[in-house]
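Q: Numbering (the numbering used here), first residue to last: 847 to 1055.
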Amino acid sequence: MRIVFLIAWCCVPCLPNAAFTSDPDTGIIIKKVFDAVGGEGKLLRLFRTRETVNVSSDPEKKVAERVSVYEPPKYWWTGKNERVKDEAKPDEPATFLVWAWTLGILTDPASKLELIPDIVESNKAAIGLRVNGSVTPPMDIYFDKAESRLVRIDWRSDIHRFSDWKEVDGVKYPAKCIGFKKNTEKPWYFSEIIELERLNDLPGELKRR
847 MRIVFLIAWC
857 CVPCLPNAAF
867 TSDPDTGIII
877 KKVFDAVGGE
887 GKLLRLFRTR
897 ETVNVSSDPE
907 KKVAERVSVY
917 EPPKYWWTGK
927 NERVKDEAKP
937 DEPATFLVWA
947 WTLGILTDPA
957 SKLELIPDIV
967 ESNKAAIGLR
977 VNGSVTPPMD
987 IYFDKAESRL
997 VRIDWRSDIH
1007 RFSDWKEVDG
1017 VKYPAKCIGF
1027 KKNTEKPWYF
1037 SEIIELERLN
1047 DLPGELKRR
C-alpha cells in the first residue's frame, strides 16, 4: 500500500508555489483549476477594476460604478481610500473573497487544502476544496467538475455564486457574483466587474502600509 501511495504521489504535477496538501488528488485538482484560467503564472495579483456592487435584494437597483485597486488579501483601495486598516486583524473580508476568486489563496504556503464532498451547483456537479490556515474560518471553494472553473464560495454566513466568465491578458475570471445568506438562501448583493486591468506596479497615488 505504501509503495502504491508513493507512486501516485510522484505522478502528481509539480506545484512549487501551491498551498500545502498531502492528498495527490487535491494536487491534481489544483493543477486543473489553474489550467482552466490560463495557468498559475497568469493569476491576478495586482489589478484595477471598474465595477458595480449592488448591496440589496433587488437585482435591478441602479448603483454607481466604482474603481478599485486590489492586491489581495492585504490591500484594497477605492479611489485613494485604503479599505484594509489592520493587516494583522483584517476588517475587510471582501479582500479574502477576492483572494479566493483570483485563486491566489491556493498558492499561499499557509493554506492547507482538503477535499470535501461534491455538491450540485446550477444543475452541474461541483468538486469542493476546504481552505484552512490562511483564512479564518475555513473557506469552502467549489469548482465545476467538468470545466474546473470556480462556481461557488461558502464562507462565514454567506454563499457566493460566480458566473459570466471573461478573459483579459491571458487570464479568465468570473465577472459576476451574487451573494446569498446561508440561513435564508436569499440574495443580498450583486456585483459585476465591467472592466479589469492587470497592473505591473502600484499606481503612484496609492501607498502600501
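All C-beta atoms, glycine included, are put in the ideal place defined by N, C-alpha and C.
1) So, are the CB atoms of leucine 890 and threonine 953 less than 9 Å apart?
2) List the DSSP bridge partners of phenylalanine 942.
3) Check glycine 974 in the structure and name its three-state DSSP category.
4) Helix, strand or coil, according to DSSP, for threonine 948 in the structure here?
5) Check this for me: beta carbons of isoleucine 1024 and methionine 985, under 9 Å apart or not?
6) Ends of the beta strand (DSSP E) at proline 1033?
7) Given a threshold of 16 other Cβ atoms within 10 Å of its Cβ, counted over all protein chains shown, does valine 997 qualify as buried or as exposed?
8) Please state whether DSSP places glutamate 897 in a helix, a strand or coil.
9) Are there 16 or more other CB atoms within 10 angstroms of the CB of isoleucine 973, so buried, or fewer, so exposed?
10) Classify glycine 925: buried if its beta carbon has 16 or more other beta carbons within 10 angstroms, exposed otherwise.
11) I need the boundaries of the beta strand (DSSP E) containing leucine 924, first residue and last residue.
12) Taking the beta strand (DSSP E) that proline 984 belongs to, which residues open and close that run?
13) From proline 862 to serine 980, what distance separates their C-alpha atoms?
14) Tell me which residues share the same chain as alanine 854 and place their Cβ nearer than 6 Å to its Cβ, disregarding the 5 neighbours each side in the sequence.
15) According to the neighbour-count rule (16 or more other Cβ atoms, all chains shown, within 10 Å of its Cβ), is valine 944 buried or exposed?
16) Contact between the region 1033-1047 and the region 956-963 is defined here as three or more beta-carbon pairs at a separation below 8 Å; is this criterion met?
17) Roughly how many angstroms lie between the CA atoms of isoleucine 987 and alanine 956, to the nearest whole one?
18) For glycine 885, which of helix, strand or coil comes out of DSSP?
19) Under the rule that 16 or more other beta-carbon atoms within 10 Å means buried, what is glutamate 911, buried or exposed?
20) Would you mind sorting serine 914 into buried or exposed? The rule is 16 or more other CB atoms within 10 Å of its CB.
21) Going straight from the alpha carbon of lysine 1027 to that of serine 903, what length do you get?
A: Based on what the coordinates show:
1) no
2) According to DSSP, phenylalanine 942 bridges with nothing at all.
3) strand
4) coil
5) no
6) 1033-1044
7) buried
8) strand
9) buried
10) exposed
11) Going by the sequence as given, residue 924 is threonine instead of leucine. Residues 921-924.
12) Careful: proline 984 lies outside any beta strand (DSSP E) and carries neither H nor E.
13) The pLDDT assigned to proline 862 is 41, lower than 50, so where the model puts this residue is not dependable; a value taken from the coordinates is nonetheless given after this. Computed Cα separation, rounded: 17 Å.
14) With a pLDDT of 32 at alanine 854, under the threshold of 50, the modelled position of that residue is not reliable, and no figure is offered here.
15) buried
16) no
17) 16 Å
18) coil
19) exposed
20) buried
21) 11 Å
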